[in-house]
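Sequence positions in the sequence shown follow the numbering used here and run 1045 to 1545.
Notes to accompany the following structure.
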Amino acid sequence: GLLRKKWGFKGFVVTDYTSINEMVNHGTSADKRDAARQALLALVEMELPPETSTTILPTFVLALNVPVSLIDDAVRRILRLKFEMGLFDNPYRNCDEARCKAELMSPANLRAAREAARESIVLLKNSPPHFQPRAHRARVNAYPRVGHPLLPLPRSKITIALVGPLADDSPDMLGCWSGQGIANQCVSLRQGLLNKHYHVTVRYARGCSITGHDRSGFAQAVNLASHSDVVVAVLGESAGMSGEASSRAHLGLPGVQRDLLKALRATGRPVVLVVMSGRPLTLVWESRHVDAMVEGWFLGTEAGNALADVLFGDYNPSGHLVATFPRAVGQIPLYYAHRSTGRPADPHNRYSSKYLDESNDPLYPFGYGLSYTRFRYSPVTLDRTSIGAHDTVTARVTVTNTGHVAGDTVAQLYVHERVTSVTRPVRLLRGFRRISLKPGESRTLAFPLTAKDVAFYRRDMTYGTEPGLIDVWISRDSASGHPATFRFTDAVCIPEREICQ
């Protein structure tokens, strides 16, 4: 009744892969025959892959254990959607192999892939190196300049030691579930740096494998680093270490990669760490000891070109984290929208909710991301102090680029209702706006808030609002900023059909 009647769903229900069969393993069905019967009676209309539906259901229909009308309804829904998609008129549309191959790697698609990759890169750290450049490099424009952030890299007169098992890796750039991606056409970071044709020298050493304990490549990597101006270490996971059926109990850098990084750090050369991963990793040691750190994920076909754009400053990084980075595995589950605890962390109270050996805070919070420039967010202002069910309050913030280069930032709107019938997240994302600002430029952003933005499933499981004080943040991430507050005065129910509108 919920899906068809209350929500008015007109499509059909399809299973995930082999989920009907798996009901037997769950212990809710005696065998595949029983699982198929239960699934159809629950109005599951398409099975992937078609195992029980093609081999077992016909026997049910013949035995009259399942109404034929259920089969007819399922077939009718599926055929209706295929008809609406035009598949009866042209069942093989979009299946022109020659055209698809020609279009897949078209210049327009490659430009789009590069832009998407650049916008996904997150700058996690960018500090001045804690040591002087090599003595024989002592000239006016010596690199790195004392007191200046390490990134972006100069485009001339430096030698880069490019080290790591993912530095010259093309296939892993696609990540897991890569669709029609072509591994041998992916651009590695090594190739991306060389494609720049800048007056820099790039020397490469693999150092170690992604997994395993072989340290035989350390010596070459360390020697290379010792005779270079900067080290770019490209470390992380393989594509197959994330995605379905790829859980990890330990979320640090796999194998001996951290040991390689420690050896590189011990050379005294400034270190940029480029992390490639399909998940947040625990990178506390890395964040403390490297000078700059970039989260590069698995960026696809144009990965190397996009990363080179960011490292050399041809593109100012603007990505923000869509997941929280923990300090330790023991903090997991760790996410920004957690509920309040009855005993908030208090260093002076042993019996409060905290760890004995680690901070409660994440290493990097949801929404976090740095830039090569700086942005100042003004205090949040509200045009009203109280609203009802049919009113709107507008929250505003002024964002200023206080740095020396143009850049993008993502202003994020969060809300929290202080007292409710059920616990609510300490912050809940309700909007965001990406803006580009020139040096010295300011822009005022306005975010309207209505009843839908503060509604939730209440104690009686109806969806709606409750009167109370609402805190509002507009900030650069989920852990920064100061809230403004307004009062919502009404308790109203919002029809479920409107929830996602």
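Here a beta-carbon is modelled for each residue, glycine too, at the ideal position from N, C-alpha and C.
Let's see if you can read the secondary structure: which residues bound the alpha helix (DSSP H) around residue i?
i        : result
Thr-1099 : 1096-1099
Gln-1264 : 1262-1270
Gln-1301 : 1301-1309
Gly-1236 : 1233-1239
Lys-1145 : 1141-1148
Gly-1348 : 1347-1355
Arg-1520 : Careful: Arg-1520 lies outside any alpha helix (DSSP H) and carries neither H nor E.
Asn-1065 : 1063-1070
Arg-1332 : 1328-1333
How would you label residue i, buried or exposed, when you count the other beta carbons within 10 angstroms and need 16 or more for buried?
i        : result
Phe-1127 : exposed
Thr-1103 : exposed
Phe-1053 : exposed
Ala-1535 : exposed
His-1180 : Here the model assigns His-1180 a pLDDT of 43, short of 50, so the residue's position is not dependable, and the following value carries that caveat. By the neighbour-count rule (16 or more Cβ atoms within 10 Å), His-1180 is not buried but exposed.
Leu-1376 : A small fix is needed here, since residue 1376 is Ile in this sequence, not Leu. Exposed, because fewer than 16 other Cβ atoms sit within 10 Å of the Cβ of Ile-1376.
Gly-1130 : exposed
Arg-1383 : exposed
Thr-1417 : buried
Gln-1224 : exposed
Met-1320 : buried
Asn-1185 : With a pLDDT of 49 at Asn-1185, under the threshold of 50, the predicted position of this residue should be treated as unreliable, though the coordinate-derived value follows. Exposed.
Thr-1506 : exposed
Glu-1330 : buried
Ser-1164 : buried
In terms of alpha-carbon separation, which member of the options lies closest to residue i?
i        : options                                   : result
Ser-1253 : Thr-1488, Asp-1216, Ala-1227 and Arg-1189 : Asp-1216
Val-1498 : Gly-1484, Arg-1478, Phe-1530 and Arg-1259 : Phe-1530
Ser-1422 : Ala-1433, Leu-1414, Ala-1455 and His-1448 : Ala-1455
Thr-1442 : Pro-1511, Thr-1429, Ser-1519 and Val-1166 : Ser-1519
Leu-1351 : Met-1505, Leu-1195 and Gly-1475           : Leu-1195
Pro-1042 : Gly-1223, Lys-1306, Val-1246 and Pro-1209 : What the structure shows of the chain is the stretch from 1045 to 1545, and residue 1042 is not part of that stretch, so it cannot be assessed.
Val-1231 : Glu-1163, Ser-1200, Arg-1158 and Ser-1272 : Arg-1158
Ser-1362 : Val-1459, Ile-1202, Leu-1168 and Ser-1113 : Leu-1168
Ala-1107 : Ala-1142, Arg-1077 and Leu-1305           : Arg-1077
Ala-1239 : Val-1275, Gly-1225, Leu-1493 and Gly-1348 : One point to set straight first is that residue 1239 is Asn, not Ala, in the sequence displayed. Residue Gly-1348 is the option with its Cα nearest to Asn-1239.
Arg-1323 : Ser-1171, Ser-1290 and Ala-1205           : Ser-1290
Asp-1258 : Ser-1403, Arg-1302, Glu-1346 and Thr-1453 : Arg-1302
Val-1110 : Val-1119, Asp-1117 and Leu-1084           : Leu-1084
Gly-1261 : His-1243, Thr-1099 and Ala-1307           : Ala-1307
Ala-1160 : Asn-1138, Val-1328, Gly-1344 and Ala-1079 : Gly-1344
Ile-1202 : Val-1068, Arg-1189 and Asp-1212           : Arg-1189
Thr-1255 : Val-1275, Glu-1281 and Asp-1273           : Glu-1281
Ala-1450 : Arg-1124, Ile-1479 and Leu-1407           : Ile-1479
Just to confirm the assignment, what range does the beta strand (DSSP E) spanning residue i have?
i        : result
His-1243 : 1243-1249
Arg-1445 : In the sequence on display, residue 1445 carries Asn and not Arg. Segment 1437-1445, the beta strand (DSSP E) holding Asn-1445.
Arg-1420 : 1419-1421
Val-1316 : 1315-1320
Val-1166 : 1166-1170
Helix, strand or coil for residue i, going by three-state DSSP, please let me know.
i        : result
Ser-1397 : coil
Pro-1198 : coil
His-1460 : strand
Arg-1428 : coil
Ile-1122 : helix
Glu-1091 : coil
Cys-1230 : coil
Leu-1279 : strand
Ala-1079 : helix
Lys-1482 : coil
Glu-1339 : strand
Arg-1371 : coil
Arg-1155 : helix
Phe-1530 : strand
Ala-1182 : Annotation note: pLDDT 43 at Ala-1182 (below 50); position unreliable, no value reported.
Val-1112 : helix
Ala-1450 : coil
Arg-1477 : strand
Phe-1019 : Any question about residue 1019 goes unanswered here, given that the chain covers just 1045 to 1545.
Ala-1289 : coil
Gly-1284 : helix
Pro-1102 : helix
Does the region 1288-1300 come within contact of the region 1349-1363, defined as at least 3 CB pairs closer than 8 angstroms? Judged by Cβ distances under 8 angstroms, the region 1288-1300 makes no contact with the region 1349-1363, as fewer than three pairs qualify.
Taking 8 angstroms as the cut-off, does the region 1280-1295 touch the region 1303-1311 (at least 3 CB pairs, one atom from each stretch)? No, because fewer than three Cβ pairs between the region 1303-1311 and the region 1280-1295 fall closer than 8 angstroms, the two stretches do not touch.
Between the region 1396-1404 and the region 1483-1495, are three or more C-beta pairs nearer than 8 angstroms? Segments in contact, no.
Between the region 1451-1466 and the region 1500-1515, do at least 3 Cβ pairs fall closer than 8 angstroms? Contact annotation: the region 1451-1466 touches the region 1500-1515, with at least three C-beta pairs closer than 8 angstroms.
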